[in-house]
Amino acid sequence: MGNPEIKMKATRDAYGEKLAELGEKYEDIVVLDADLAKSTKTILFGKKFPKRFFDMGIAEQNMVGTAAGLALSGKIPFASTFAVFATGRVYDQLRMSVCYPKVNVKIAATHSGLTVGEDGASHQALEDIALARALPNMTVVVPCDAVETEKVVEFAVEYVGPMYIRLGRSKVPVILDPGYKFRLGKGVVLREGKDVSIIATGIMVAKSLEAAEVLAQKGIDAEVINMSSIKPLDKELILESASKTGGVVTVEEHSIIGGLGSAVCEVLSENLPVPVERVGVKDVFGESGSAEELLEKYGLSINDIAAAAERIILRRQK
Numbered sequence: 008m009g010n011p012e013i014k015m016k017a018t019r020d021a022y023g024e025k026l027a028e029l030g031e032k033y034e035d036i037v038v039l040d041a042d043l044a045k046s047t048k049t050i051l052f053g054k055k056f057p058k059r060f061f062d063m064g065i066a067e068q069n070m071v072g073t074a075a076g077l078a079l080s081g082k083i084p085f086a087s088t089f090a091v092f093a094t095g096r097v098y099d100q101l102r103m104s105v106c107y108p109k110v111n112v113k114i115a116a117t118h119s120g121l122t123v124g125e126d127g128a129s130h131q132a133l134e135d136i137a138l139a140r141a142l143p144n145m146t147v148v149v150p151c152d153a154v155e156t157e158k159v160v161e162f163a164v165e166y167v168g169p170m171y172i173r174l175g176r177s178k179v180p181v182i183l184d185p186g187y188k189f190r191l192g193k194g195v196v197l198r199e200g201k202d203v204s205i206i207a208t209g210i211m212v213a214k215s216l217e218a219a220e221v222l223a224q225k226g227i228d229a230e231v232i233n234m235s236s237i238k239p240l241d242k243e244l245i246l247e248s249a250s251k252t253g254g255v256v257t258v259e260e261h262s263i264i265g266g267l268g269s270a271v272c273e274v275l276s277e278n279l280p281v282p283v284e285r286v287g288v289k290d291v292f293g294e295s296g297s298a299e300e301l302l303e304k305y306g307l308s309i310n311d312i313a314a315a316a317e318r319i320i321l322r323r324q325k
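8 is the number of the first residue of the sequence shown in the numbering used here; add one for each residue after it.
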C-alpha cells in the first residue's frame, strides 16, 4: 500500500514477539522449531526461555511427534517452521499423532503463499490450508495482519486442541484496531456494501479493502469480510452477506482448490447458490520473484479483485 501513514509489519514478527511475551504468563508454553528460528521469529522466545525452547533441526516429523508428546505431558507446545514443511512434510504425523488423538498442539507456520518470494516454488505453500482443513479436529486460522496475529496467539494458548496458524514472511499493512477481538468461527465485516461480497483471508484482506475503494469509484458498493477463521467457518455471515449482495468474490493467497474459496463455495452451493468468483492461484506452482511481482503475475492484485467483482455484477444481471 502506498500510504506512508499505514504501519507495515510481518505477521511472523508479531507471532514471535507475542509468544515471547506470553511465555512469562504461561509457564507451560514450550516452543519447538526446525532449524528456522531466526526466520519464524521463535528465536525471541528461545533467547528468553532457553530451557523451554527446542531446536529440533531439519527433522520436522520428529518435531511434530515431540510436540504431541509434550502436549500429552501437560505442556502447551507451539511447533514452528515454514508452511510448506509444516503441512506437507509432516502430514502423517499431523494426522496420526496430533489430530486423530486430538492432542493440544499448535502448528504456527510462517512463510506461506506466494509472498515467500525469491525462495520460489519449493518454498511457496499454496496448498497448506487445504491440507490442514481436511484433517478432522484441526482448527485453521489465517490472521490478516499483525494485530490479529497477536490476538490469535493469545487465543491459541487458551484453546485446547490441534490448531494450524498460517503466517507470512513479508511486511503487510496493519489494518485492524488494537482493540480488535478475535473470535474463532466468526468473520468480521470491515466494510459494509450492497452490490457484491468480497470474502478475504490473510494478507489479501488489505488488498480487498483497496479493491473496494477502486470499485467505489465505479459506483460499485462492495462489502469486505475478513474471514480469518477458515475452520470453523462463519456460515451464518457468509449466507447473510450473500443474500444481501447476490454475489461473492473469495480472495486468498492460496490455491483456489481446497482453501477459502472452496470452503465458501461449499456453504453457498448447499444453502444459497449465487455467482462466485475465486481469486487465488489457479492450480499452478509459483516461481521466484518479488512478493508484489508474484501477486501481480498470478492474478492476486487489487485490480484482479476489482475485476472479479465486476464480473459478478455482470453475471448477476444476466
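The beta-carbon is built from N, C-alpha and C at its ideal position, and this holds for glycine as well.
Check, Outcome
"Residue ranges of each alpha helix (DSSP H) within the stretch 151-226, 4 or longer", "153-165, 211-223"
"Local conformation of His261 per DSSP, three classes", "strand"
"C-alpha distance - Leu222 paired with Ser204, whole-angstrom precision", "12 Å"
"C-beta atoms of Ser236 and Cys151 nearer than 9 Å", "no"
"Cut-off 8 Å between Cβ atoms - residues of its own chain near Leu51, not counting five sequence neighbours on either side", "Gly23, Glu24, Leu26, Ala27"
"9 Å Cβ cutoff met for Ala132 and Ala218", "no"
"Distance, Val91 Cα to Glu303 Cα", "22 Å"
"Stretch-stretch touch, CB-based, cutoff 8 Å, three pairs: the stretch 287-303 with the stretch 136-150", "no"
"Gly266 beta carbon less than 9 Å from that of Gly287", "yes"
"Touch test, the stretch 193-207 against the stretch 171-179, Cβ-Cβ under 8 Å, three pairs minimum", "no"
"9 Å Cβ cutoff met for Ala270 and Leu240", "yes"
"9 Å Cβ cutoff met for Arg190 and Ser119", "no"
"Short Cβ contact (9 Å threshold) for Gly30 with Asp40", "no"
"Where Ile13 falls: helix, strand or coil (DSSP)", "coil"
"Chain-order list of residues whose beta-carbon lies under 8 Å from that of Glu247 (same chain, five-residue window excluded)", "none"
"Buried/exposed call for Met103, threshold 16 Cβ in 10 Å", "exposed"
"Buried or exposed (CB count within 10 angstroms, at least 16 for buried), Asn310", "exposed"
"Beta bridge counterpart(s) of Arg285 as assigned by DSSP", "Thr257"
"Beta bridge counterpart(s) of Ile114 as assigned by DSSP", "Ala86, Tyr171"
"Unbroken alpha helix (DSSP H) run spanning Val71, endpoints", "67-79"
"Lys48 classed as buried or exposed, judged by whether at least 16 other C-beta atoms fall within 10 angstroms", "buried"
"Cβ-based burial, Leu142 [other Cβ within 10 Å; buried from 16]", "buried"
"Spatial distance of Ile232 from Val255 (CA atoms)", "11 Å"
"Beta-bridge pairing of Ser119 - partner residues as DSSP gives them", "Ala132"
"Distance between Gln324 and Ser129 (C-alpha atoms, nearest Å)", "42 Å"
"Short Cβ contact (9 Å threshold) for Ala66 with Val105", "no"
"Start and end residues, alpha helix (DSSP H) containing Val274", "267-278"
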